[in-house]
Amino acid sequence: MATKTYDAIVVGSGITGGWAAKELGEKGLQTLVLEAGRPIDPDTDYAEHVPEWEVKYRGMGDRKRADEDQRVQQTCDGMDEWNSKFFTNDKQNPYTTEPDKPFLWIRGRQVGGRSIIWGRQSYRWSDLDFEANLREGVGVDWPIRYQEIAPWYDHVEDFIGVSGQAEGLPHLPDGKFLPPMELNCAEVVVKDAIAKYFPGERLVTIGRTAILTQRHNGRAPCHYCGPCARGCITRSYFSSLNSTLPAALTTGKVTVRPHSVVHSLMFDSKTRKVSGVRIIDGQSRDAIEFRGRTVFLCASALESARILLNSATPEFPNGLANSSGELGHNLMDHCMGGGASGRIPGNEDYIALGNRPNGIYVPRFRNVKQKHPLFLRGYGFQGSASRPKWERGVEMRGFGANFKHALSRPGPWTCTFYGFGECLPNHDNFIAIDREKVDAWGIPVIRISCAWRENERALLKDMSISASEMLSAAGAKDIEPILQDNAPGLTIHEMGTARMGRDPKTSVLNGHNQAHDAKNLFVTDGACMASSSCVNPSLTYMALTARACDYAVDQMKRGEL
Amino acid sequence: MHRRQALRLLASAATLPLLSREAFSLFQAAHEQLSEQRVLKTLDPHQNATVTTIAEAIIPQTSTPGAKAARVNEFIDLILTEWYDEEEKSTFLTGLADVDSRTRELYGKNFVECGEKQQVEILQALDDEVAARTEDVRRRRNRPPEKNFFFMIKQLTLVGYYTSQIGFEQELHGEIIPSRHAGCVPLEEEASK
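Top line first, the protein sequences correspond to chains A and B. For our numbering, add 6 to where a residue sits in the first sequence, where the first one is 1. For our numbering, add 112 to where a residue sits in the second sequence, where the first one is 1.
As structure tokens, then:
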């Protein structure tokens, strides 16, 4: 096989892999990006403008095929008839769970990874988040604080473009925002009422989203067609495919190799460093080895942990870089599913134009200024107001000309709040290698053991109550509380399986996402998280990745790696 | 110019609204080539006539075309053939046959042979039954019944109609690429866009 040694090998090409490729390439490193899935051609794969009448089942999805190939993926609301190809084939990529502990692992295997189908909501963490573990004696203390990551949030936002409204909240720091999208008629009603009834405590702001509202870094502003998760030919929302990977390739230093299913890492016990990556070629099924001076794992929280667990050596019998025994443990996902919806009277003669691919946000208000008696930490609400269209006719009485005429006008304004709560790190939520089963490439799969605990359940219940309260304050009618029992995983914010920490005895990575046990190994995806905050995590993963790349290159220059 | 090329232009255009209309007209041109009749795979001619008549009664031709013009019957046949499971298919087809049993008992003929007034009467009874069941399960905080013939055909008619090119463009005045985004404008403005 080729004996070329790359300066860096990046495993994964999604949100964090794209960032690692761009940063390392721009700093002059010969970089190889290994992606398990196929290449994506925006010209033929993106489908955001394909009308409903051009897909076979008119948007109802190919149900029988999905039942066969995507049993888990189809539980995700974001998967549809247009974009199911951006979701993993569950048959080829199995995993196991315990009978009473379902876990829904929603994945994307292609160049661009899940960044093609992500929700795009982008929020900064604050020290309320970074200090929480230390303050409460939960998990391990984060080795960093807001001050250390803030310049990297700036760096990432400058490049990807995040639209939003500055609110001056210390616990949800403002970013470098592009102009905000507009609230609609009913959202303004709800916002004003909440400002009046919960002053200084709760507020409604437009979602902070990685979608351009003006031209930015050569990418066009959003044209409000709506279904971002089917792709975007104008590259108006951030994905690695739309943004970081093209920038990485421009450097001339970066090679992206699709169909490269990583089996494990190679470890040199003399230097105590990682020496390269073993892959199975997804098409030829050949086993191939690549050598690298540094390795960045950006394969997603569960895949990166799986690769390390599958890379056991005599020194590390329980998985590479696992002297702490924490590798694979402390799995978290945001608990979602508490909320409420209700009808907002008024504005019957008004409507919003275009399909705004963004909602509203209520920043966390529990355990911010005063301690809540029933639970630790808190949650934020995402939501939106809208007027239902013809779909409401399915449950409406009637038929005939009058019925048709009624459906030609939109229904009443309805507002929904849906909560996303912080999940506490718990050693007993974990993944391990399932020795009984392999995937389509012969690689041992993971067994996931994860369940919500008392604190998450208390958060969910409170979401339902406080959302109803807010709608009631806004004069909503027919308020329906929401309290869903979603399995962990479905929020698609899984994280924590190779946590950062100050002490090598209790954490896998140090404050620079560098493995305590192998200094040329970095893990910068969601695996690195020591706690989960309640805000959407991808912006933080990107900032941590860029920061880790800067550190790694600096260390290489000093001859330390 | 291909559709994709038009959209590429969008990405670099300062005057998005103008070009979006051009791009949209390309979809229409592309779609006009797709209009050959589909061969039915599940519904026999009599079942098809009944389905077509019921769908048109739910969404009739008014100042805009109705379910028949949008070929909702073909969509329903596709769902029966490829999408429904055996139980759902059987619920639908049994319910469809039951419509004829009802009209034969009341009027001595099949549904499609009845006058419009008689047809409406039968469909009204079926719609009332769905509404009663919906009301009943609502009170039990459950989901509405989906395994009911009239619920099913009403749902498929609405999906088949409003997701057709006719329903989307002529009835809803939909735009794949909207001319602009605004949070709150008078309804008339939306209607005249």
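The C-beta atom is built at its ideal place from N, Cα and C for all residues, glycine as well. Only a predicted model underlies this, so the values are computations on that prediction, with no experimental measurement involved.
query	result
Cβ-Cβ separation, A:S169 to A:S245 (assumed contact under 8 Å), whole Å	Not a contact, Cβ separation roughly 16 Å.
Residue-chain proximity (B:Q145, chain A), Cβ-Cβ < 8 Å	The pLDDT assigned to B:Q145 is 44, lower than 50, so where the model puts this residue is not dependable; a value taken from the coordinates is nonetheless given after this. Chain A, which has no Cβ nearer than 8 Å to the Cβ of B:Q145, makes this no.
Alpha-carbon to alpha-carbon, B:L284 and B:F136	Below a pLDDT of 50, predicted positions are generally treated as unreliable, and B:F136, at 44, falls in that range; the measurement from the model is reported next regardless. Straight-line Cα distance between these residues: approximately 15 Å.
Beta strand (DSSP E) runs wholly inside the region 443-479 of chain A, at least 3 long, in chain order	450-455
B:D212 burial status per 10 Å Cβ neighbour count (16 or more: buried)	buried
Integer-rounded CB distance, given that A:E500 should sit under 8 Å from A:L337	7 Å
Status (buried if at least 16 other CB within 10 Å, exposed otherwise) for A:P57	buried
Best match in A:A407, A:S128 and A:G352 for proximity to A:G213 [C-alpha to C-alpha]	A:S128
DSSP three-state assignment for A:M548, whether helix, strand or coil	helix
Cut-off 7 Å between Cβ atoms - residues of its own chain near A:F109, not counting five sequence neighbours on either side	T103, I454, C456, A493, P494 and G495
Contact between the region 471-483 of chain A and the region 320-337 of chain A (3+ Cβ pairs under 8 Å)	no
A:M85 at chain B interface by Cβ criterion, 8 Å	no
Residues within the region 10-28 of chain A neighbouring chain B, beta-carbon criterion of under 9 Å	none
CA-to-CA distance, B:D248 to A:Y243, given in whole angstroms	45 Å
Whole-angstrom C-beta distance between A:G417 and A:R441, which should lie under 8 Å	54 Å between Cβ atoms; not a contact.
Validate contact between the region 509-519 of chain A and the region 262-269 of chain A using beta carbons, cut 8 Å, 3 pairs	no
CB contact check: A:H340 to chain B, cutoff 8 Å	no
CB contact below 8 Å: B:I289 versus chain D	Any reference to chain D falls outside this structure, whose protein chains are A and B.
Where A:P176 falls: helix, strand or coil (DSSP)	coil
The region 542-552 of chain A contacting the region 20-37 of chain A, beta-carbon criterion three pairs below 8 Å	yes
Bounding residues of the beta strand (DSSP E) (the contiguous stretch that carries A:L38)	T37 to L40
Cβ-Cβ separation, B:V224 to B:T269 (assumed contact under 8 Å), whole Å	At roughly 16 Å, the Cβ-Cβ gap does not stay under 8 Å, so B:T269 and B:V224 are not in contact.
The region 286-298 of chain B touching the region 352-361 of chain A, judged by at least three CB pairs closer than 8 Å	yes
Nearest to A:C304 (by Cα), restricted to the options A:N139, A:W447 and A:V268	A:V268
Spatially closest choice to A:C429 from A:T9, A:V144 and A:P363, by CA coordinates	A:V144
Where A:Q561 falls: helix, strand or coil (DSSP)	helix
Whether A:E295 touches A:R312 by CB criterion (8 Å)	no
A:V368 - DSSP class collapsed to helix/strand/coil	strand
Chain B contact for A:K410 (CB, 8 Å cutoff)	yes
Option nearest A:D556 by Cα separation, candidates A:H161, A:P149 and A:A293	A:H161
Within 8 Å, strictly: CB atoms of A:G65 and A:D86	yes
Chain B within 8 Å of A:C231, Cβ atoms only	yes
Whole runs of the alpha helix (DSSP H) within the region 201-260 of chain B, excluding any shorter than 4 residues	228-251
Rounded straight-line distance, which links the Cα of A:G282 to that of A:W88	37 Å
Under 8 Å from the C-beta of A:S414: neighbouring residues of chain B	E283 and L284
Cβ contact check for the region 524-532 of chain A and the region 129-141 of chain A: 3 or more pairs under 8 Å	no
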